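Data first, discussion second: the structure below is written as structure tokens.
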Amino acid sequence: MKVFHLSVECFPVAKVGGLADVVGALPKYQTKMGIDAKVVMPWYNKPFVNENEFEVVFDGFIHQIHHMYQVLVMKEKHNVLGYELYLVKIPGLLDRDQVYGYFDESQQFIAFQHAVLHWLSAMEIRPDVLHCHDYHTGLVPFMVEYCQDFDFLKGVKTVGTIHNGEYQGTMDWQMSNYMPRFDAWKWGLLDWNGRINPLATMIKCSHEFTAVSQGYMHELFEDAQGLQDLIRQEHRKAHGIINGIDTEVWNPMTDIMLNDHYSRENVEEGKEKNKKWLCEEYGLNPELPLFAFIGRFAGEKGADMLPDIVRRSISETEGALNILILGSGNPQIENTLKQLQEEFHVNFAMDLGYKEALSHKIYAGADFLLMPSRVEPCGLNQMYAMRYGTIPIVRYTGGLKDTVTDISSGGYGLNYTFPGTDDAVHAIKRALYLYDDKEEMQNLRKTIMNLDFSWQKSAENYVNLYRKN
Ligand code: ADP
């Protein structure tokens with residue numbers, strides 16, 4: 064079975080968040096199951112692209128309005144990721160440094176989808192499945208069926224995965240001019256509330272669609288930023304499949320980004336060494352329990368609550384803990400945290416930016432990981448944390464519901480229900496009690512390191528979906 068994953072992110076080529084981790088790992092596990100899985104993504108000016116060897120397998124062009132764009136499809140020569148990787152380069156559109164944030168983003172994503180289908184049609188490559196990840200590739204299920212240029216691909220099975228329903232890629236109808244020619248009678252499949260909505264189109268036109276956890280899929284039925292009615296209407300095609308983690312990349316025994324490796328057997332000693340390094344680096348006292356946050360400074364992640372959580376938990380416990388934050392995003396949150404760092408520098412440190420290696424060191428060195436999320440489609444951080452023996456403290460939502468059971472219910476993390484500072488601080492205080500019970504902490508660390516969050520089962524669930532009639 065030939066499966067093409069279409070995505071704008073893939074670890075380690077280009078990563079902004081969890082989408083990259085999923086698209087980087089899932090094909091690897093599917094390949095092990097005997098599936099011919101490939102990844103197709105835009106070309107970026109990133110180290111991976113410059114450090115690996117590529118060959119041009121297609122050189123053609125597409126039109127957008129009156130402009131002709133060259134399309135180059137480049138295949139990574141040695142399958143270093145464990146599967147075939149194809150990069151689509153369109154000089155002037157898909158040849159940039161960053162994944163997101165450009166004024167012509169809608170045009171870029173339309174061009175990517177157009178170029179992929181053009182390449183496959185022109186080369187008469189007919190996949191069994193086109194697996195579209197997030198709204199950036201949400202127009203593909205429509206284009207395959209209703210663009211006459213891609214008649215060769217008509218009927219190919221399409222599966223869409225919603226990694227984050229907050230982002231839908233809506234655009235004005237005038238952007239339809241940038242699309243490849245389509246059957247105008249079908250315009251309604253592109254439309255949602257008077258605008259083109261690629262995520263809605265994916266839900267309407269794909270054969271099956273998934274969300275990255277059961278918990279999140281249930282939430283989308285209630286509230287999907289305006290698409291809940293559509294999702295309810297299409298409920299027969301809807302599935303929740305939890306993400307896994309790449310246990311080869313995320314392994315505290317072999318992780319190349321760690322200074323000190325450890326296993327379940329020497330978790331106490333291993334974590335202590337990693338914590339010591341972190342605390343020295345950030346001027347924190349290693350004797351105190353270390354709480355960490357890693358992520359985008361966005362409302363979904365509850366990052367706006369971080370300043371209050373830091374202030375209150377340090378003051379109310381009279382400095383009995385340390386907090387380390389790694390992330391970036393909303394400038395207001397960044398500034399407030401910077402100010403707090405001056406005020407609370409003894410117990411609080413932060414590092415601004417996207418730092419992959421540092422994130423691994425934090426998962427290894429922290430005692431607890433904070434996830435005060437308002438919305439969390441799946442959440443990978445809590446799974447990485449547990450793999451590294453770090454206890455997650457999570458707001459009970461989306462995928463966090465599916466992966467973190469509270470210790471009071473026989474589980475291995477700390478949960479709270481309301482997305483507010485009061486509950487978060489209360490959970491932190493519960494964690495401090497737990498921290499004082501050395502034996503319980505040790506048992507818990509060993510238990511969570513042993514949990515199976517690998518892709519095995521979820522990769523199988525996707526394959527079952529590909530095979531579904
Ligand atoms: P998102 O909604 O951001 O995709 P996920 O939990 O699905 O959230 O995935 C987040 C991924 O991004 C994890 O691998 C996490 O470690 C990583 N990450 C987030 N922010 C940073 C950062 N500032 N530096 C390094 N890694 C980060």
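Residue numbers for the sequence shown follow this note's numbering, so the first one is 64 and each next one is one higher.
Heads up, the beta-carbon is just placed ideally off N, CA and C, and yes, glycines get one too.
Nothing here was measured: the structure is a model prediction, and the numbers come from that model.
_Give me the DSSP bridge partner(s) of ASP197._
Looking at the DSSP assignment, ASP197 forms no beta bridge with any residue, so it has no partner.
*Please report how far the alpha carbon of ASP515 lies from the alpha carbon of PRO243, in whole angstroms.*
44 angstroms
_the stretch 398-412 touching the stretch 438-452, judged by at least three CB pairs closer than 8 angstroms_ = no
*Going by alpha carbons, who is nearest to PRO435 out of ASN398, ALA490, ASP214 and GLY452?*
Of ASN398, ALA490, ASP214 and GLY452, the residue nearest in Cα terms is ALA490.
*Let me know the secondary structure DSSP gives ALA88 once reduced to three states.*
helix
*According to DSSP, which residues form a beta bridge with GLU502?*
Beta bridge pairing from DSSP links GLU502 with no other residue.
*Taking buried to mean at least 16 other C-beta atoms within 10 Å of its own C-beta, is ASP235 buried or exposed?*
exposed
*Taking the C-alpha atoms as reference points, what is the distance between LYS418 and ILE357?*
10 angstroms
_Neighbour-count burial assignment, GLU343, 16 or more Cβ in a 10 Å radius_ = exposed
*Where does LEU347 fall in DSSP's three states?*
coil
*For ASP286, is the classification buried or exposed, using 16 other Cβ atoms within 10 angstroms of its Cβ as the cut-off for buried?*
exposed
*Look at TYR279 and GLY232 and say whether their C-beta atoms are less than 9 angstroms apart.*
For the 9 angstroms CB-CB criterion, TYR279 and GLY232 do not form a contact.
*asked:* Using a Cβ distance threshold of 8 angstroms, determine whether the stretch 179-186 contacts the stretch 201-219, with at least three qualifying pairs required.
replied: Verdict: yes, contact present.
*Cβ pair count under 8 angstroms reaching 3, the stretch 84-97 against the stretch 66-76*: As far as the Cβ criterion goes, the stretch 84-97 touches the stretch 66-76, which means the pair count is three or higher.
*Cα separation between GLU139 and ARG159?*
18 angstroms
*DSSP three-state call for CYS73: helix, strand or coil?*
strand
*Given a cut-off of 9 angstroms, decide if MET64 and ASP191 are closer than it, judged by their beta-carbon atoms.*
yes
*Can you say whether TYR496 is buried or exposed, counting buried as having 16 or more other CB atoms within 10 angstroms of its CB?*
exposed
*Examine the Cβ distances between the stretch 382-391 and the stretch 448-464 and report whether three or more of them are shorter than 8 angstroms.*
Taking a cut-off of 8 angstroms for Cβ pairs, the stretch 382-391 and the stretch 448-464 do not touch, as fewer than three such pairs fall below it.
*asked:* Quick check: PRO349 and TYR498, are their CB atoms within less than 9 angstroms of each other?
replied: no
*Can you say whether PRO394 is buried or exposed, counting buried as having 16 or more other CB atoms within 10 angstroms of its CB?*
Here PRO394 is exposed. Its C-beta has fewer than 16 other C-beta atoms within 10 Å.
_CB of ALA429 within 9 angstroms of CB of ALA355, strictly_ = Yes, the pair counts as a contact, with Cβ atoms nearer than the cut-off.
*If we count the other Cβ atoms within 10 Å of its Cβ and call it buried at 16 or more, is ASN256 buried or exposed?*
exposed
*Hey, would you say LEU144 sits closer than 9 angstroms to PRO90, going by beta carbons?*
Going by C-beta atoms, LEU144 is nearer than 9 angstroms to PRO90.
*Within 9 angstroms, strictly: CB atoms of CYS73 and VAL120*: Result no, Cβ atoms of CYS73 and VAL120 do not sit closer than 9 angstroms.
*asked:* Among MET446, GLY483, VAL134 and LYS520, whose alpha-carbon lies nearest the alpha-carbon of ARG508?
replied: Comparing alpha carbon positions, the residue from MET446, GLY483, VAL134 and LYS520 closest to ARG508 is MET446.
*Taking 8 angstroms as the threshold, find out whether the stretch 474-485 comes into contact with the stretch 299-318 through three or more Cβ pairs.*
no
*Check whether the stretch 512-532 touches the stretch 294-304, taking contact to mean three or more Cβ pairs, one atom from each stretch, closer than 8 angstroms.*
yes
*Can you name the start and end residues of the beta strand (DSSP E) that ASN385 belongs to?*
385-392
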